[in-house]
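The structure appears below as structure tokens.
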Amino acid sequence: MGAEGASGADRADEAMLLEEFARLNLIGQSPAFVDALRLIKKTARCDAPALIEGETGTGKELAARAVHYLGARRDYPFVPLNSAAVPDNLFENELFGHARGAFTDAHERKIGRIERANGGTAFLDEVGDLPMEMQAHLLRFLQEGTIERIGGKGPLMVDARV
């Protein structure tokens, strides 16, 4: 009964795990996939920034959404940004926003993606493609929990998981 009962329990746990993640649009059955689901579930229980690696089209955003919706931040925004789709000269504005009057066409304040994710999660896809200067700004946010809007009067505290 010992080993046989344990494997039956393991199969039942795996079936419940697969069912739970199917509701989050993560569907598969391979042992590697099941291991990834277990890691996602474990990652969702903590609040540290997470790095999700994989080739284009492998479901990194789905994994990030699962981490978000299974974690304590689920009732707050999930804000995705494909870093590779934003031109370098607009990236700082898109990520951190700007103050009214920061430049000629800044007629009103713009809240950036990080600030919009306050309380929730900011998903930055293709973050490795960011210019080094933007990576430094992002690192400051990760270390200090503050951002500065372009033309802003100082740092703003933002509580967002990346």
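Here the sequence shown is numbered in numbering that gives the first Met the number 0, starting from 0 and rising by one per residue.
For each residue, glycine too, the CB sits at the ideal point set by N, CA and C.
For clarity, every value in this text was computed on a predicted model and none was experimentally measured.
- Under the DSSP assignment, Phe122 falls outside any alpha helix (DSSP H), being part of the beta strand (DSSP E) whose first and last residues are Thr120 to Asp124.
- At the C-beta level, Ala159 and Ala121 come within 8 Å of one another.
- Residue range Lys59 to Leu69 is occupied by the alpha helix (DSSP H) that includes Val66.
- A residue is called buried once 16 or more other Cβ atoms fall within 10 Å of its Cβ, and Ile110, having fewer, is exposed.
- DSSP places Leu80 inside the beta strand (DSSP E), whose first and last residues are Phe77 to Asn81.
- According to the DSSP assignment, Asn88 belongs to the alpha helix (DSSP H) that extends over Asp87 to Phe95.
- Collapsing the DSSP output to three states places Lys41 in a helix.
- Residue environment for Met133: buried (at least 16 other C-beta atoms within 10 angstroms of its C-beta).
- In this model, Asp128 and Leu89 are separated by some 14 Å (Cα to Cα).
- An exposed status is given to Ile26, since fewer than 16 other beta-carbon atoms sit within 10 Å of its beta-carbon.
- Three or more Cβ pairs drawn from the region 13 to 28 and the region 57 to 70 lie within less than 8 Å of each other, which places the two stretches in contact.
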